[in-house]
Amino acid sequence: MNKYFAEFIGTFVLVLIGCGSAVVAGSQIGFLGISMAFGLAVLVMVYAIGNISGCHINPAITISMLVAGKISGKDTVGYLIAQFLGGIVGALILYLIASGKADYSLAANGLGQNGYGELSPMKYGIGAAFLAEVVLTFIFLIVIFGATSPKAPSGFAGIAIGWSLAIIHMVGIPITGTSVNPARSFGPALIVGGEALSQVWLFLLAPIIGGIVAALVWNYIIKPKET
3 MNKYFAEFIG TFVLVLIGCG SAVVAGSQIG FLGISMAFGL AVLVMVYAIG NISGCHINPA
63 ITISMLVAGK ISGKDTVGYL IAQFLGGIVG ALILYLIASG KADYSLAANG LGQNGYGELS
123 PMKYGIGAAF LAEVVLTFIF LIVIFGATSP KAPSGFAGIA IGWSLAIIHM VGIPITGTSV
183 NPARSFGPAL IVGGEALSQV WLFLLAPIIG GIVAALVWNY IIKPKET
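All letters in the sequence shown, in the order written, are residues 3 to 229 by our numbering.
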C-alpha cells in the first residue's frame, strides 16, 4: 500500500507544482520557467519516492512498464488509481489556492489544462497535438528505460529523467501545454470542465500509445544485451 500512496503523493506534487507554476507564475516565468518547474518536480520526486514505488507518477509510464514486463497487473491497477486520484487532488488544491486571488477566474485562467485548436497555446490543430504527444512521450520513456537500465551509471536516473521532461516541455508547451501524462491532464480538465474536459481524451490516449511503442522499441531493438 505504501507504494500506491507514494504514487498518489508524487502525482499530486507534479500537478500542484507543474500546473501551479503556469497558473500562479506563468506570466512572470514564461514557457521556460514552467518547463523547469515540471522537470524539477519530477527530478526531486524520483529521489523522494523512487526507492518506494519507482516514481512512475504517470499512467503512460506505468502502462509502458507493464508492456515491458517490469510491473505486475495488480500493481498497474493500483498505480493507475493512485496517479489519477493524485492528479485530481493536486488540481483541486491548486484551484483552491488560485481562487484566493481576487481577479482569478477558472474559465479565463484555467488550471494549466492541455488542449488543441483554440485551447492550444499557439493554436495547433488536433493532428499536430496528437503526433506531438505520442512522439514526446516516446522520447520520455526511452530516456526512462535507458536511465534506469542496470548498465546505466547509478544515482543519475533522476537527473536524466527530470531534465528530459523539462526539455520536452520546452517543445510541447506551445503545441498542447504538454501532457505526456494522462493523470496530469485529467485532474485539471476535470476541475475546469467544458471544452477542456471534452478534449482530454487525446491526452489520455496519445501518451499511452507513445509509452507502449517505447516499451516495444526498447525491449526488442535498443535494450542492451545481458552479459
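Glycine included, every Cβ here is placed at the ideal spot set by N, Cα and C.
Cut-off 8 Å between Cβ atoms - residues of its own chain near Lys225, not counting five sequence neighbours on either side: Your numbering for residue 225 matches position 223 in the sequence shown. So the list reads Phe147 and Ser151, once near-sequence residues are dropped.
Tell me whether Gly92 sits in a helix, a strand or coil according to DSSP, three-state version. Taking the sequence shown and counting its residues from 1, the one referred to as residue 92 is at position 90. DSSP places Gly92 in helix when its eight states are reduced to three.
Below 8 Å, can you find three or more Cβ-Cβ pairs linking the region 154 to 172 to the region 75 to 95? no
Is the number of C-beta pairs between the region 118 to 129 and the region 206 to 214 that are closer than 8 Å three or more? no
Buried or exposed by the 16-neighbour rule on C-beta atoms within 10 Å, applied to Ser74: As a first step, residue 74 must be located in the sequence shown, where it is residue number 72. Under this definition Ser74 is an exposed residue.
Output needed for Ile19: all residues of its chain with C-beta closer than 7 Å, excluding positions within five of it in sequence on either side, in chain order. Sequence index remark: in the sequence shown, residue 19 carries index 17 (1-based). Taken in chain order, the residues that qualify are Ala39 and Ala43.
Counting Cβ pairs, one atom from each stretch, are 3 or more of them under 8 Å apart for the region 12 to 29 and the region 95 to 106? yes
Please list the terminal residues of the continuous alpha helix (DSSP H) segment that includes Gln30. Within the sequence shown, numbered from 1, the residue matching residue 30 stands at position 28. Gly22 to Ser55 is the span of the alpha helix (DSSP H), which, as asked, contains Gln30.
What residues in its chain sit with their C-beta under 7 Å from that of Gly28, if we drop five residues either side in the sequence? Working through the sequence shown from its first residue, we reach residue 28 at position 26. Correct list, in chain order: Ile36.
Taking its Cβ as the centre, do 16 or more other Cβ atoms sit within 10 Å of Pro184, making it buried, or is it exposed? One-based indexing of the sequence shown puts residue 184 at position 182. Pro184 is buried by the Cβ-count criterion.
Let me make sure I understand the geometry here. Which of Asn116, Ile161 and Glu120 has the alpha-carbon closest to that of Trp203? Indexing the sequence shown from 1 puts residue 203 at position 201. For the residues Asn116, Ile161 and Glu120, the minimum Cα distance to Trp203 belongs to Asn116.
By Cβ distance below 8 Å, which residues in the same chain neighbour Lys275 in space, the five residues on each side in sequence not counted? Nothing about residue 275 can be reported from this structure: the residues present for the chain run from 3 to 229 only.
Does the distance from the C-beta atom of Gly218 to that of Val69 stay below 8 Å? What you label residue 218 is simply residue 216 of the sequence shown in a count that begins at 1. What you label residue 69 is simply residue 67 of the sequence shown in a count that begins at 1. For the record, residue 218 in the displayed sequence is Leu; it is not Gly. Against a cut-off of 8 Å, the Cβ pair of Val69 and Leu218 comes out as a contact.
Could you tell me which uninterrupted alpha helix (DSSP H) segments, each at least 4 residues in length, are contained entirely in the region 57 to 142, listed from first to last along the chain? 61 to 69, 75 to 100 and 108 to 111
Give a yes or no on whether the C-beta atoms belonging to Gly88 and Met47 are separated by under 8 Å. The count along the sequence shown starts at 1 and reaches residue 88 at position 86. The count along the sequence shown starts at 1 and reaches residue 47 at position 45. No, these two residues do not count as a Cβ contact at 8 Å.
Is the beta carbon of Gly174 less than 8 Å from the beta carbon of Ala134? One-based indexing of the sequence shown puts residue 174 at position 172. One-based indexing of the sequence shown puts residue 134 at position 132. Against a cut-off of 8 Å, the Cβ pair of Ala134 and Gly174 comes out as a contact.
If we count the other Cβ atoms within 10 Å of its Cβ and call it buried at 16 or more, is Glu120 buried or exposed? Translated into the one-based positions of the sequence shown, residue 120 becomes position 118. By the neighbour-count rule (16 or more Cβ atoms within 10 Å), Glu120 is not buried but exposed.
Would you identify the three-state DSSP class for Met3, choosing helix, strand or coil? Locating residue 3 in the sequence shown gives position 1, where the first residue counts as 1. In the structure shown, Met3 sits in coil (DSSP, three-state: anything other than H, G, I, E or B).
Quick one: give me the first and last residue of the alpha helix (DSSP H) that Ser200 is part of. Here residue 200 corresponds to residue number 198 of the sequence shown, with the count starting at 1. Run containing Ser200: Gly196 to Val219, per the alpha helix (DSSP H) assignment.
Hey, out of Ile144, Ser187 and Thr139, whose CA is closest to Gly92's CA? Within the sequence shown, residue 92 is the residue found at index 90, counting from 1. Nearest of Ile144, Ser187 and Thr139 to Gly92, Cα basis: Ser187.
Euclidean distance between Cα positions of Glu3 and Glu9: Residue mapping note: residue 3 aligns to position 1 of the sequence shown, counting from 1. Residue mapping note: residue 9 aligns to position 7 of the sequence shown, counting from 1. Reading off the sequence, residue 3 comes out as Met, not Glu. So the alpha carbons of these two residues sit roughly 10 Å apart.
Neighbourhood of Ala130 by C-beta distance below 8 Å, restricted to the same chain and skipping five residues each side: As a first step, residue 130 must be located in the sequence shown, where it is residue number 128. Answer for Ala130: Tyr118 and Ile177, listed in chain order.
Where does Val173 sit, in a helix, a strand or coil, going by DSSP? Taking the sequence shown and counting its residues from 1, one reaches residue 173 at position 171. Helix.
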